[in-house]
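Q: In order, the protein sequence lines correspond to chains A and B.
With this note's numbering applied, the first sequence covers 1105 to 1343.
With this note's numbering applied, the second sequence covers 3 to 274.
Just so you know, even glycine gets a beta-carbon here, dropped at the ideal spot from N, CA and C.
Note that this is a predicted model, so its numbers are computed, not measured.
The following block contains the structure, expressed as structure tokens.
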Amino acid sequence: MNPILEVNDLSVRFGNFPALDHVSFTIEKQEIIAVIGPNGSGKTTLLKAILGLIPYDGEIKIFGKNIQQVLPLLGYVPQHFAFDKTFPLTVEEFINLTCRKPDKLPFGGALLAAGMAALKDKLIGELSGGQLQRALIAHAMLHQPKILFLDEATSGIDIEGLADFYSTIQRLNREHGVTVMMVSHEISMVYKFTDRIICLNRDLISHGETKTALTKEVLKKLYGDTADLKVHNHQGSAP
Amino acid sequence: MIELLQLPFMQRALIAGVVLGVLLAYLGIFVTLRRMAFFSDGIAHAALAGAAIGLLTRFSPLLSALIFSMFLAGLIYWLEKKSSLSSDSIIGILFTSGMALGIILISLRRGYQPELIGYLFGNILAIRRQDLILIVVLSLLIMAFILSQKRKLTLLALDREMAYMAGINPDFYQLLLYIMLAAALVLGIRVLGIILVSAILIIPVSTARLSSRSFKSLVLWTVLISEGVMIGGLLLSYYLNLPSGAVIVLTGSTIFALAFGASGLRRRRQKK
């Protein structure tokens, strides 16, 4: 099978600081891929480089093409939504900024019906962390992307909402065929819900199928002595 | 009142006030959303050099200020991209340099400069026919562009990365917003003056935000408040025989203070 995303010898520097160092990997269609690593390991930088949001050295091909040629096929939920939360903008107006008739789209309509419709008149700034994440994902899904990039998208979601969030991602992947690449810190959730994993600490520590690549040794290499704290035996599935 | 409206200078003042009231208020929404108040203030102040070049060379001061400010907006954009300096530092350097150049150029002209005072503090009642034509034509062109690109400009103002992912070229639209804002500010200088023009960008939208529950209502209230402030302030300044720019700004800040008090009372009542 042809890879849909190819990253070859990717390096990113911020001044003299190497944020990513000669990283290479490929991603197949319809996978859920997690990018994990400690703070400052280059996870967000990797996503931003793939999306063409920052300059880089190396080669990145999506569907064999440059990012600018395939932008409409990609969805992105950023780590921080930079906008002023006190600004009066309803959920419906926010969705309409990207798509005038979201209910006409099979994806957008389905997602809105799944929970956003009830919130359509609410102000974006008044949404809870989980509701805001859902609005951002609905927003990112409006153009029916083939690949969805999520950068720590669960940061505003409470523990109860986490499993629900990962189930939604799994449904998007299994039912709608969306490839999902997500930066995450929830190792147990990653172990349970993702197909492949990319372990970063500025350079590539490990990558491959989650169940085989995510070993205790790799976690120790990434997080040092704190690894044990990261590895919960959530439902008996993590190493 | 009817007699007043028949006076040609008052007709010109009202037309300029109404047209600029819509334009500056609408741009103010993007200015507050992107936190560009300092950019607006800086461009307006630096426009003094452009107006001074016009006065010295006997070219239209309004037109020369317009060209100078649009060039400066482009320069700020370029320096933001090419240097590691913060946007505030770049604006601060160019704003004070523009003002300083303006002061030196003006000092080269001898005697009292009534036109200069008009540019510093605004004089809506002294707007000439050719100025009015320039204000109306340019304002309509900028408004037409903003309305046709409203969705893109709003998304860019909300979040640059999100705009990029929606297929919008953020650099191109940011440069356009800078240049249009610079042009609108210089047109507004004729009414409110270099020192006060940014008030009409900030006050109407800040007042409207206190009670708006959607973007649509924010736009509507911002424009209505701006028009009320412009027309009300202008008529007040005529009857009180006070400088028009200052009266317009104080009318706006009084309305803001009342709205702020009312929204505070409403919030306290809702808490009970």
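Assign Tyr1180(A) to one of three DSSP states: helix, strand, or coil.
A: Strand at Tyr1180(A).
Q: Between Leu198(B) and Ser89(B), what straight-line distance do the alpha-carbon atoms span, to the nearest angstrom?
A: C-alpha separation (whole angstroms): 22 angstroms.
Q: I need the straight-line Cα distance from Arg153(B) to Ile227(B), nearest angstrom please.
A: When rounded, the distance between both Cα atoms is 23 angstroms.
Q: Taking 9 angstroms as the threshold (beta carbon to beta carbon), is Phe1118(A) in contact with chain B?
A: No, no contact with chain B.
Q: Between Thr1283(A) and Ile1108(A), how many whole angstroms is the CB-CB distance? I'm expecting something under 8 angstroms.
A: The pair is a contact, with the Cβ atoms about 6 angstroms apart (cut-off 8 angstroms).
Q: In the DSSP assignment, what are the bridge partners of Lys152(B)?
A: Bridge partners of Lys152(B): none, in fact.
Q: If you draw a straight line from the alpha carbon of Asn1337(A) to that of Glu1321(A), how long is it in whole angstroms?
A: A caution first: Asn1337(A) carries a pLDDT of 43, below 50, which makes its placement in the model unreliable, though a value can still be read off. So the alpha carbons of these two residues sit roughly 16 angstroms apart.
Q: Going by DSSP, what residues sit across from Ile1251(A) in a beta bridge?
A: Ile1251(A) is bridged to Leu1178(A), Thr1283(A).
Q: Could you tell me which chain B residues have their CB closer than 8 angstroms to the CB of Pro1347(A), listed as they occur along the chain?
A: No information on residue 1347(A) is available, as it lies outside the stretch 1105 to 1343 that chain A covers here.
Q: Between the Cα of Val1127(A) and the Cα atoms of Gln1134(A), Ala1138(A), Arg1300(A), Gly1162(A), which residue gives the shortest distance?
A: Here the closest residue by C-alpha is Gly1162(A).
Q: Strictly below 7 angstroms CB to CB, what residues from chain A border Thr156(B)?
A: Result: Leu1201.
Q: Just to confirm the assignment, what range does the alpha helix (DSSP H) spanning His1243(A) have?
A: From DSSP, the alpha helix (DSSP H) with His1243(A) extends over 1233 to 1245.
Q: For Thr253(B), which of Ile205(B), Lys274(B), Lys218(B), Ile4(B) has the nearest alpha-carbon?
A: Checking every option, the nearest Cα to that of Thr253(B) belongs to Ile205(B).
Q: Quick check: Gln176(B) and Tyr28(B), are their CB atoms within less than 9 angstroms of each other?
A: Contact: no.
Q: Taking C-alpha atoms, which residue in Gly1141(A), Ser1292(A), Phe1187(A) lies nearest to Tyr1327(A)?
A: Out of Gly1141(A), Ser1292(A), Phe1187(A), Gly1141(A) has the C-alpha closest to the C-alpha of Tyr1327(A).
Q: Where does Leu22(B) sit, in a helix, a strand or coil, going by DSSP?
A: The answer is helix: DSSP assigns Leu22(B) an H, G or I state.
Q: For Val188(B), collect the residues of the same chain with a Cβ closer than 6 angstroms to its Cβ; drop the 5 residues on either side in sequence, then sort them by chain order.
A: Cβ neighbours of Val188(B) beyond the five flanking positions: Ala49, Ala67, Leu68, Ser71.
Q: Name the chain B residues that come within less than 9 angstroms of Thr1194(A), Cβ to Cβ?
A: Within chain B, the residues near Thr1194(A) are Arg215, Ser216, Phe217, Lys218.
Q: In the DSSP assignment, find the unbroken beta strand (DSSP E) run with Thr1130(A) in it and report its ends.
A: Taken as a continuous stretch (DSSP letters only), the beta strand (DSSP E) holding Thr1130(A) covers 1121 to 1131.
Q: In chain order, what residues of the region 193 to 216 of chain B put their CB closer than 8 angstroms to some CB of chain A?
A: Result list: Arg211, Ser214, Arg215, Ser216.
Q: Does Arg130(B) come within less than 9 angstroms of chain A when only Cβ atoms are used?
A: No, no contact with chain A.
Q: Can you find the residues in the same chain that come closer than 7 angstroms, C-beta to C-beta, to Leu96(B), ignoring five residues on each side of it along the sequence?
A: Excluding sequence neighbours, Leu96(B) sits near Gly44, Ala48, Leu74, Leu77, Ile78.
Q: Which word fits Gln13(B), buried or exposed, when buried means at least 16 other C-beta atoms lie within 10 angstroms of its C-beta?
A: By the neighbour-count rule (16 or more Cβ atoms within 10 Å), Gln13(B) is not buried but exposed.
Q: For His1311(A), which beta-bridge partners are listed by DSSP?
A: The partner list for His1311(A) (beta bridge, DSSP) reads Ile1302(A).
Q: Taking only beta-carbon positions, decide if Phe1191(A) is within less than 9 angstroms of chain B.
A: Judged by the 9 angstroms Cβ criterion, Phe1191(A) is in contact with chain B.
Q: Starting from the Cα of Met1285(A), find the closest Cα among Asp1125(A), Gln1173(A), Met1220(A), Pro1249(A) and give me that residue.
A: Comparing Cα-Cα distances from Met1285(A) to each of Asp1125(A), Gln1173(A), Met1220(A), Pro1249(A), the minimum goes to Pro1249(A).
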